[in-house]
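Only one structure is covered here, and it is reproduced in the block below.
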């Protein structure tokens, strides 16, 4: 049986289907290739000044209601930002700053966008902090460079064992009630993951759900704080940075035996893809020990739940091998 029956009016339909699916795959491939790359990477309580461009997905959310910066977020493709749901109630006239390092003074690599769409999780609970996740659609797409670039997101089967090195970033307080001093340089610090069982024991609350994860030092001293909410927690796998968590809540800031609690990104792959629809971010399955092969980074293309590699119930089904025969050439032509 021939690969495709080229006859009659159906030839045009088949070509159209191939083109649409290749474009879809190219979009996914594009963000999987560019996400998590911090080419310039060599306040957070206990943090240090982050070099310019070291965390190119970090964004700063501003609102007149707060007189400027009030939460963080992360760029996940060229028009969507991931943040915490608790950042958004009562906010208006949101402005998103990308490529920013300092909250005062000139940021030569900075751009900003308004927000045209806000999506908070329908099951977000402000009392329990469960499902503390939200998406912001920018007023217009951004162009990637060394200072503005999307982060990769932890795919649904990712595993972050206790002790996994995780980096947190933000412009929040340097200790409870103490603001980041001028000029307000982006802060960075590393904290290890704390497994949920131990975290619930330490917090003595039982409030850490399966949709959350924890990170922090037993002795304290390093943590996120007020103003860091919505920002990313990332871990490095091979050459890419993968966002594991969204800064959510905690008791105090950097206190001993009191880890910070983060929304677990891998639990929301379906929610993110369903709400974005197309132009999907890059999802990477994080599973140490790191296996630095291209397969470990690219396999999430076929795991994205809302897209197949060929059309369903739309005429002819084009075999996967046939589609990939053209993938490299087609992607190169598009990008």
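In our numbering, the protein residues as written are 363 to 697.
For glycine and all other residues, C-beta sits at the position ideal for the given N, C-alpha and C.
If you're wondering where the values come from, they're calculated on a predicted model, not measured in any experiment.
| Asked | Found |
| --- | --- |
| Residues sharing a beta bridge with residue 599, DSSP | 602 |
| Stretch-stretch touch, CB-based, cutoff 8 Å, three pairs: the region 529-537 with the region 549-567 | yes |
| Alpha-carbon to alpha-carbon, residue 610 and residue 488 | 11 Å |
| Opening and closing residue of the alpha helix (DSSP H) in which residue 484 lies | Segment: none, residue 484 is in no alpha helix (DSSP H) and carries neither H nor E. |
| Short CB-CB distance (under 8 Å) between residue 423 and chain D | Included in the structure is just one protein chain, with no chain D present. |
| Boundaries of the alpha helix (DSSP H) in which residue 560 is found, first to last residue | 558-565 |
| Local Cβ density within 10 Å of residue 545, reported as buried at 16 or more and exposed below that | exposed |
| Identity of the residues DSSP links to residue 533 by a beta bridge | Residue 533 pairs with nothing; no bridge assigned. |
| DSSP state of residue 465 mapped onto helix, strand, coil | coil |
| Contact set for residue 595: own chain, Cβ-Cβ below 6 Å, skip 5 residues either direction | 528, 530, 606, 607 and 624 |
| Status (buried if at least 16 other CB within 10 Å, exposed otherwise) for residue 628 | buried |
| Span separating the alpha-carbon of residue 399 from that of residue 512 | 8 Å |
| Buried or exposed (CB count within 10 angstroms, at least 16 for buried), residue 523 | exposed |
| Three-state class that DSSP yields for residue 631 in the structure shown | helix |
| Assigned secondary structure, residue 411 (DSSP; H/G/I helix, E/B strand, else coil) | strand |
| Simplified DSSP assignment, three categories, for residue 638 | helix |
| Whole-angstrom C-beta distance between residue 468 and residue 421, which should lie under 8 Å | Not a contact, Cβ separation roughly 18 Å. |
| For residue 455 and residue 484, believed in contact at Cβ under 8 Å, the rounded distance | At roughly 24 Å, the Cβ-Cβ gap does not stay under 8 Å, so residue 484 and residue 455 are not in contact. |
| C-alpha gap between residue 555 and residue 575, whole angstroms | 8 Å |
| DSSP three-state assignment for residue 443, whether helix, strand or coil | strand |
| Counted within 10 angstroms of its Cβ, other Cβ atoms place residue 370 as buried (16 or more) or exposed | Note that residue 370 scores a pLDDT of 45, beneath 50, so its modelled location is shaky and nothing firm can be said. |
| Straight-line Cα distance separating residue 504 from residue 387 | Only weak support exists for where residue 387 lies, its pLDDT of 43 falling under 50; the value from the coordinates is given anyway. Roughly 20 Å between the two C-alpha positions. |
| Residue 448, DSSP secondary structure in three states | helix |
| Proximal residues to residue 572 (C-beta, below 8 Å), its chain only, five neighbours per side dropped | 558, 626 and 629 |
| Coil, strand or helix - residue 396 by DSSP | helix |
| Simplified DSSP state of residue 503, which is helix, strand or coil | coil |
| Option nearest residue 444 by Cα separation, candidates 637, 619 and 651 | 637 |
| Closest Cα partner of residue 453 within the set 514, 427 and 521 | 427 |
| Per-residue burial, residue 410 [other beta carbons within 10 Å of its own, 16 or more giving buried] | exposed |
| Contact under 8 Å by Cβ, residue 587 with residue 407 | yes |
| Distance between beta carbons of residue 585 and residue 568, contact taken as under 8 Å | With 8 Å as the limit, residue 568 and residue 585 do not qualify as a contact, their Cβ atoms being about 21 Å apart. |
| Alpha-carbon to alpha-carbon, residue 603 and residue 510 | 14 Å |
| Option nearest residue 561 by Cα separation, candidates 620, 518 and 633 | 620 |
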